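**Q**
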Amino acid sequence: MRRTLAAGNWKMNGDAAMLEALGHLQAPGGDSAPDILICPPSTLLVQAVAASKDSPVSIGGQDCHSAESGAHTGDVSAAMIKATGASAVIVGHSERRGDHAETNADVRAKVEAAWGADLLAILCIGESEVERMGPDTLDIIAAQLDASMPDGATGETLVIAYEPIWAIGTGRVPTLEQIVETHDMIRARLVTRFGSEGDSIRILYGGSVKPSNAAEIFTAENVDGALVGGASLKVADFQPIIDALAAS
Ligand code: 13P
1 MRRTLAAGNW KMNGDAAMLE ALGHLQAPGG DSAPDILICP PSTLLVQAVA ASKDSPVSIG
61 GQDCHSAESG AHTGDVSAAM IKATGASAVI VGHSERRGDH AETNADVRAK VEAAWGADLL
121 AILCIGESEV ERMGPDTLDI IAAQLDASMP DGATGETLVI AYEPIWAIGT GRVPTLEQIV
181 ETHDMIRARL VTRFGSEGDS IRILYGGSVK PSNAAEIFTA ENVDGALVGG ASLKVADFQP
241 IIDALAAS
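Pasting the structure below:
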């Protein structure tokens, strides 16, 4: 059985006071307790690892460069993220793909860099609004998945996050039917490519997940958790999402 994961992506938000609040996040007890991950800005990683030391929260980065080191002003390598004590890194977020023109090939190289540093890679994919309205939505997402994902993925090294771009920060969410159809397609593709290992790779939904809609989203068989932006910034919003996942 796949262990569920509640992951918070703080994006370009966060300060020392927010890190202190991490200590208040609770892992619901029992066998179905989700993994909890917070991905703060890279400047806060060291402090975040220290602040979460005696808590159930793990810490991850939001992006890494594909190279091990070199002349890449402003970037951080996967090994640098690992050295902070973090255990995971998000790659291929649509805001990185959009703001920094990252291609599927770039993202694939970043997943490989994450693996090289022994980090869990959380690989984001998702369609634009125009792509959602067209007839080839699933084919477009499948092509993005195939091209961004290196060979050799396992449930221990890779998590997929399906995040429709039009649902991020908008308060709009796909219908449950659309989420089910997309996650089932991703699962089928993972199993085709990786065999039984594909069944152990977790698939998160992301895009306007809130306490009010989380429980319904988590009813889908192939939704193994959420990648949460805005609602991960406050314990009062993120804790009910964690609890809904534990109850699913
Ligand atoms: P929101 O939850 O704010 O829509 O952001 C989702 C997201 O982009 C997480 O990576």
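Everything in the sequence shown is counted per the working numbering, starting at 1 for the first residue and increasing by one. C-beta atoms are modelled at their ideal positions from N, C-alpha and C, and glycine is treated no differently. The structure displayed is predicted, hence computed values, not measured ones.
#1: Any chance the CB of Leu123 is under 8 Å from a heavy atom of ligand 1?
#2: For ligand 1, any of its heavy atoms closer than 8 Å to the Cβ of Leu45?
#3: Using 8 Å as the threshold, is the stretch 235-242 in touch with the stretch 162-182, meaning 3 or more CB pairs across them?
#4: Cα separation between Thr192 and Ala236?
#5: Is the number of C-beta pairs between the stretch 155-174 and the stretch 12-21 that are closer than 8 Å three or more?
#6: Quick check: does the Cβ of Ala183 come within less than 8 Å of any heavy atom belonging to ligand 1?
#7: With a cut-off of 8 Å on the beta carbons, I'd call Val91 and Val111 a contact; round off their distance for me.
#8: Rounded to the nearest angstrom, how far is the Cβ of Leu120 from that of Ala88, given a contact under 8 Å?
#9: When you get a sec, list the residues whose CB is within less than 6 Å of any heavy atom of ligand 1, chain order please.
#10: Let me make sure I understand the geometry here. Which of Ser77, Arg3, Met185, Ala48 has the alpha-carbon closest to that of Asp139?
**A** Checking against the coordinates, here is how it stands:
#1: no
#2: no
#3: no
#4: 40 Å
#5: no
#6: A small fix is needed here, since residue 183 is His in this sequence, not Ala. Checking every heavy atom of ligand 1 against the Cβ of His183, none is found closer than 8 Å.
#7: 6 Å
#8: 4 Å
#9: Asn9, His93, Glu163, Ile168, Gly169, Gly206, Gly207, Ser208, Val209, Leu227, Val228, Gly229, Gly230, Ala231
#10: Met185
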